[in-house]
């Protein structure tokens, strides 16, 4: 299988970089082909703006979706966007490796969604969600946190990881990916607040790498996260009256 | 009072721009001082990277929080970061005006958190959450969506707005802001998917502007969104056994 690792950390030698290496080595050893897509090293510009579109449909008013659709159809998207789309078309599985910064993926990866997942090309009308463009592919997050795992208990200090990743998981599902459960490496202290002494911290890094290495070979046979889909919604996008989840407030 | 509007849309003439104008005019008419902070027009770079730090603590390994703390203490943060911090110190209320892109704020605004809310300067140790730096100030989101309101019903097609804004709300609370309920303008079609005919759409734009204008004068007397805080957590950041919310799974 083909695996794309989208890596979003400014320091290649960071623990995030180490987890990307673990994934690459482990998956290659299992016979897969792996490409590492280092957004920082490639200088990816995450800001969706008029300047990315050479000959605009409307030169006076910048409507991102209008320009995305037109430039996709003309084959005139920015080269880095075309390259990212080609990588996605090639991949069977996409792993996003990043630190949780301000309760979400780093800006360089947030803007990757805004620029790369182009309207008209990778989604439109009913070609979304479980009928989305990438519906035969899998995607997942491998994420590190500064705070320790205990603080992520329900209503705890650091909040709930299911909630922090829900927007990104939903964006991946929006374009059709089957989303696998995230790999979360807690308590990775990247130079700031320190919760533990150095030896406990070092040991934890190794435990996280080992846990990830052990999970990787089985990824392709894992069940994906369930979402509601086209058959669950009425024509207005509202959950059908008959759906069992309508009991919830 | 002093109000800062942080505006994150690439087109000044967009409906988002119109809502920013409504806020500015309405608040000025009520006697407040308002500054519009246009991230796109100012060319804000949302990517946190080594190049923003002139003389690094460690030139071989880039640890963002280490550099943020050191450069804050030395007064050598990038000029645009210093300017944003000054604006926040000046403001009594910060309104973030942006479109919901891929289930969150646009990358230019996501990276604003990463670069501007500097470790050591605006948070550290126990100076977070309800003991945070900005605990005497208010903040809120004014957000537009492409999908219509019905699709945002629980488990509906477009998901739940409480969930989409929860990461950003939590980030604001992390640095001490009292977070007001968001102003959500649904069904604003920025050049892409169209759900309604043109006349319904135009009417809806006006309704959204009117609703916002009517709410604005009372903002300073609104109650803020409740969060758990230092008195609710034990020393590990876990919700105390005695806390009433421990009944939840």
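Chains as they are written, first to last, in the UniProt record's numbering: chain A, 1 to 249; chain B, 1 to 249.
Every residue gets a Cβ at the ideal spot worked out from N, C-alpha and C, and that includes glycine.
Check                                                                                                                                : Outcome
Contact check, residue 98(B) vs residue 134(B), beta carbons under 7 angstroms                                                       : no
Beta carbon proximity, residue 237(B) to chain A, threshold 7 angstroms                                                              : yes
At least 3 beta-carbon pairs within less than 8 angstroms: the segment 212-226 of chain B vs the segment 117-130 of chain B          : no
Chain B residues whose Cβ lies nearer than 7 angstroms to that of residue 159(A)                                                     : 170
For residue 4(B), the three-state DSSP class (helix, strand or coil)                                                                 : strand
Contact check, residue 213(B) vs residue 22(B), beta carbons under 7 angstroms                                                       : yes
Proximal residues of chain A, C-beta to C-beta of residue 53(B) below 9 angstroms                                                    : Here the premise fails: no neighbours, minimum Cβ distance about 11 angstroms.
Local Cβ density within 10 Å of residue 197(B), reported as buried at 16 or more and exposed below that                              : exposed
Residues, ordered as in the chain, of the segment 173-187 of chain B that lie near chain A by beta-carbon distance below 7 angstroms : none
C-beta neighbour in chain A for residue 103(B), strict 7 angstroms                                                                   : yes
Positions along the segment 213-242 of chain B whose CB lies within less than 7 angstroms of some CB in chain A                      : 228, 233, 236, 237, 238 and 239
Short CB-CB distance (under 7 angstroms) between residue 137(A) and chain B                                                          : no
Exposed unless 16 or more other CB atoms sit within 10 angstroms - verdict on residue 115(B)                                         : buried
Residue 104(A), DSSP secondary structure in three states                                                                             : strand
CB contact flag (residue 131(B), residue 230(B), <7 angstroms)                                                                       : yes
Residues of the segment 19-34 of chain A with Cβ closer than 8 angstroms to any Cβ of chain B, in chain order                        : none
Residue-level contact to chain A via CB, residue 153(B), 7 angstroms cutoff                                                          : yes
Those runs of the alpha helix (DSSP H) which lie wholly inside the segment 191-225 of chain B and span at least 4 residues           : 198-215
Inter-stretch contact at 8 angstroms, needing at least 3 Cβ pairs: the segment 76-92 of chain A / the segment 3-19 of chain A        : yes
Cβ neighbours of residue 20(B) in the same chain (closer than 7 angstroms, five flanking residues each side left out)                : 5, 7, 36 and 97
Sequence-distant residues of the same chain with beta carbon closer than 7 angstroms to residue 47(B), five excluded per side        : 111
Between the CA atoms of residue 41(B) and residue 18(B) - distance to the nearest angstrom                                           : 15 angstroms
Close Cβ partners of residue 185(B) (< 6 angstroms) along its chain, the five nearest in sequence each way excluded                  : 144 and 208
Helix, strand or coil at residue 113(B) [DSSP, three-state]                                                                          : helix
Length of the line joining the Cα atoms of residue 162(A) and residue 154(A)                                                         : 10 angstroms
Listed by chain order, chain A residues near residue 108(B) by CB distance under 7 angstroms                                         : 47
Short Cβ contact (7 angstroms threshold) for residue 167(B) with residue 9(A)                                                        : no
Own chain, CB closer than 7 angstroms to residue 237(B), minus 5 neighbours either side, in chain order                              : none
Proximity of residue 148(A) and residue 165(A) at Cβ, strictly below 7 angstroms                                                     : no
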